[in-house]
Structures are given as C-alpha cells and as structure tokens.
Amino acid sequence: MKMTVPPSSAGTRRGEGMKRIRITPNIDYLEPQGARKLYACSGLALNCRVKAVIDTNPGREATRDFLEEFNPDIAIISHYHPDHSSLGPQVQQHTHAELFIPQVEAPCFTDLDHAVASSGGDVEMAGIMKGFATKLLAYREITAYIPYDSPCSFIFGDITLECIRSAGHSPGHTSFYLPEHKILFSSDMGIDRLGPWYGWKDCSIEDFVDSIMKLRSLEVNLLLTSHGGMITRDIKGRWDKALAIILDRERRILEALDKGLSRDDIVREGVCYPGKGKTAEPLRSLFTLWDSVMFDHHAEILGATSLTGLFPDLKTLEFTPGGRTEGTLRAASPGA
Ligand SMILES: [Fe+2]
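Residue numbers for the sequence shown follow our numbering, so the first one is 75 and each next one is one higher.
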C-alpha cells in the first residue's frame, strides 16, 4: 500500500494545520497538525465519482479551507462529540454536501443542552462543558441532516464504505471499513496514547469491549484513527493493548478499593487522567468529571461481576501495569 504526503498540505493559521496523506489515488487520510491538535480530529477523504469526507477537524479555519478546496458531495460524521461533530456546521456553511449523522445521536447534534446532559455533570459543569464545546471545539447545533443507522454501506464508484456500529465510546459511535482496501477508520476507539475513553454518562464499557472485539476480528492492513495516527503493524496487538488498558483500570480501582480508598480518592488519583492536578482550568474540572464518570462505569460492572466475568476471552490477555500486553486474545469472538 503506497502512502505519500502531497506537498499541498494545508497551511497553518493560529496554530492550525493539516497533513494530507495519500493512501491510494482516491483515499486521503487527513491528520491535524500544530498547536490546536488537542481540540481536533483526523478524518478521511474519498475522491471518487462522488466525493465524501468523514469526520475531519484540523481547526476551524483549516477545516473551512479544506472543505472549500475539496468540495465534497457527502459528509459523514462518526459520533456527536464536538471535536467530530463540528464538521457538520462547517459543511453546511461552506459546501452543498449532504450531511449524514448517526440516527441514534441526532438529538445531540441538534441540541447542545441534550449533548451536555449526556455528560453526567451537574449544572455548573454543564456551563463549563457548553463553553468548552462552543469556544474551543466550535460546536454548533445543526438543523438539516440525513440520519444513518449502522450497519449500512455507501458505494462510491469502486470504493465501498461499510458503516459499522461500534458503540461504547458513545451510543451511536461508528467506524468505517473499506473492504476492497482492507482499511479501517476506527474513529475514537482508543487506539491512541489515552486509550479507550468512556467519560460520559452515555458511554458503556461493556459495549466498548464488545465493539473492540468486533473490529479486531476484521481483516485490516491499515488502521486509521482519530487521535492516534495510522497503524500499519501489529494491528491486532494494538486492539489487545486497548483492551489491556481497560482491564488495567479495573485492576487499579479494585486494588484501591481493597486499600480502603474512597471514590473521591480514586478519582483524585486518576482513572484516565493521573496528572490532572497540574492541568489548568477548565480542563482540570473536565478531567475530574470524566474520571468520576469512568469510575462509576467500572463500579457498575464491579457491583455485579468483573470484565473477565463478562468477557471470559479477556482472561487470555495478560498485562502489566500501564496497559502493556504480554499476550494476545486466543479467540476473536464478538463478546461473551
Ligand atoms: Fe469522541
């Protein structure tokens, strides 16, 4: 598989920028560059008879510049989190493309209050979340869209795009598989430095693990992620590492509870964000909320069983603290 970086990579403004990586003559991976990368996400451009863009947010102005140049016919968004959904209003403002969003998440695209209510925060945190979503992530409510419900497929000339529901990170989170090229755009499945993220009330660890196992079973030569770049080697090993990170969080929570630590103690130490005490506001409050919700998701499972109780296949994954896997899943079943 040939991949090059065309010299026409988008320029930068106010710390924004985008690297456009050619994977095939018709498929580009669009990766944010620059200082605003924290609030951005990667995407995919399919340059066929019908031109399509998936996710893609290298920053407000860089996104606008890309959309005006690429002029897509169709835009598809994987899930409602503002770093991804902010593509929607940009598409409607700068192109004539039809906008597809996951049906189950439509209320979060059309109503910021509904999206913020899904976070699980109190009234004060809702205000912080709204400011974060609109000012830093450029969230805007949309009114016109076409809902899609996975599984479904788009046929763009000689490229088939299979939409695969991969819930857990959000209820309608979708990944995109190109079977002719064995390419998977996994969006926010946690193949990145942070690992799987389930810090909102509407996330589900059980669905997340189920989705990882489903995607892990696909034949994939190139894995494209929203926040972790491109993966070309040991792709199944990267899925195992993501599972190991979730297992490691459960193990650390259990150990802390056994020592008599409270929920607040464990959240302060960090489920996903151990260094948040040194982080500036509003991120520190957001990280604390997200760690609280992630703790609650783990506690809900531990109240009845454990991750390996729900998914016996995970017992074959040995891991060391920090989430480094020492083994691989023996089976790739789609869950318990
Ligand atoms: Fe997300």
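Using N, Cα and C, we set each Cβ at its ideal position, and we do this for glycine too.
Keep in mind the model is a prediction, meaning the values are calculated, not measured.
> Using the beta-carbon count (16 or more within 10 Å), is isoleucine 56 buried or exposed?
Replying inline: The requested residue 56 does not occur in the structure, where the chain is confined to residues 75 to 410.
> With 16 other CB atoms within 10 Å as the buried threshold, where does arginine 123 fall?
Replying inline: exposed
> If you run the structure through DSSP and keep just helix, strand and coil, what is valine 127?
Replying inline: strand
> Whose C-beta lies closer than 6 Å to the C-beta of isoleucine 257 among residues of the same chain, with five residues either side of it excluded?
Replying inline: Hits under 6 Å: Leu296.
>> Can you tell me whether threonine 390 is helix, strand or coil according to DSSP?
In response: In the three-state scheme derived from DSSP, where H, G and I count as helix and E and B as strand, threonine 390 is classed as helix.
> Alpha carbon to alpha carbon, how far is phenylalanine 250 from leucine 268?
Replying inline: Spanning the two alpha carbons is a distance of roughly 21 Å.
>> Quick check on this structure: which residue in Phe140, Glu355, Ser380 has the alpha carbon closest to the alpha carbon of arginine 325?
In response: Ser380
> Which class does methionine 92 belong to by DSSP, given the choice of helix, strand or coil?
Replying inline: In the three-state DSSP reduction, methionine 92 falls in the strand class (E or B).
>> Please report the straight-line C-alpha distance between glutamate 343 and glycine 91, rounded to a whole angstrom.
In response: 34 Å
> Out of curiosity, what's the CA-to-CA distance linking glutamate 24 and glycine 242?
Replying inline: What the structure shows of the chain is the stretch from 75 to 410, and residue 24 is not part of that stretch, so it cannot be assessed.
> How is threonine 382 classed by DSSP in three states: helix, strand or coil?
Replying inline: Under the three-state reduction of DSSP, threonine 382 is assigned to helix.
> What residues are listed by DSSP as bridge partners for methionine 368?
Replying inline: The partner list for methionine 368 (beta bridge, DSSP) is empty, contrary to what the question assumes.
>> To the nearest angstrom, how far is the alpha carbon of leucine 210 from that of proline 356?
In response: 11 Å
> So the alpha helix (DSSP H) phenylalanine 140 belongs to, where does it begin and stop?
Replying inline: Run containing phenylalanine 140: 134-144, per the alpha helix (DSSP H) assignment.
> Roughly how many angstroms lie between the CA atoms of isoleucine 216 and isoleucine 148, to the nearest whole one?
Replying inline: 16 Å
>> Which residues does DSSP list as the beta-bridge partners of asparagine 121?
In response: Lys125
> Do serine 300 and cysteine 182 have their CB atoms nearer than 7 Å?
Replying inline: no
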